[in-house]
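Structure record follows, encoded as C-alpha cells.
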Amino acid sequence: MIAVCLGLAGVVWAQLPTPAFTLAWDHTIEKIRWEEDYRVTPDGLVLGEARVKGSGAGMEIPDGATLRDGSWHYRTTLPPLPLLRLGRTPEAGDYQLCIDRQCRPMSDWLGPPLLDTPAVELWSCSPDG
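Note that the sequence shown covers residues 110 to 238 in my numbering.
This is the structure:
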C-alpha cells in the first residue's frame with residue numbers, strides 16, 4: 110500500500126496509509142474554504158479536482174471553473190508533485206486532511222502549528238518509510 114508522509118526535509122513525522130486525500134483550509138484573510146483532492150502515486154502527489162467557496166484578496170477563480178453546490182470546481186494539469194510544501198503557523202490556523210470524507214486537523218498527527226517550525230511537507234511514500 111502507498112502512504113502520504115508528513116514531515117520536513119525528508120524526516121517523517123507521520124505516515125497516513127491512503128491512496129488519496131483532500132487537503133482543506135480556510136484562507137487566512139478572507140476566511141473562505143479551499144479544498145484540493147490528491148491521489149498518492151509512486152510518482153508523487155497528483156492534484157485532481159479543487160474547490161473554493163468564493164473569491165477575494167489574492168483568490169481568483171480559475172478559468173473554466175464551474176459553480177456547483179456552492180463552490181467553484183476546477184481541475185489542473187500539473188504533473189505529479191514530488192513534494193508539497195505548506196506554510197503552517199499558529200496565526201494562520203491549521204490545515205485539515207480528509208481521508209474517506211472524514212476531515213481532521215493536521216494537528217491530530219503533528220501537534221499544533223509552531224512558530225519555530227513554520228512549514229510542513231507532504232510526499233508519497235511506502236508505509237515503512
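C-beta: ideal position from N, C-alpha, C; glycine also.
DSSP, reduced to helix, strand and coil, places A174 outside both helices and strands of the structure shown, so it counts as coil. Of all alpha-carbon atoms in A133, H136 and P151, the one lying nearest the alpha-carbon of V113 is that of P151. A133 has its alpha-carbon roughly 16 Å from the corresponding atom of S164. In the DSSP assignment, D217 falls within the unbroken alpha helix (DSSP H) covering S216 to L219. About 4 Å separates the CB atoms of A123 and W218; that is less than 8 Å, so the two are in contact. Shown here, A118 sits in coil according to DSSP, grouped into three states, outside any helix or strand.
The DSSP assignment places complete beta strand (DSSP E) segments of no fewer than 3 residues inside the region 181-210 at 193-196 and 205-208, in order along the chain. The criterion of a C-beta distance shorter than 9 Å is satisfied by A129 and I208. Rounded to whole angstroms, the gap between the alpha carbons of P126 and W143 is 23 Å. For L231, the enclosing beta strand (DSSP E) starts and ends at A228 to C234. The residues E144, D146 and C207, in chain order, have a CB closer than 6 Å to that of T131 in the same chain once the five nearest residues on each side in sequence are set aside.
For the options S235, D203, L231 and G119, the alpha carbon positioned closest to that of L224 is the one of D203.
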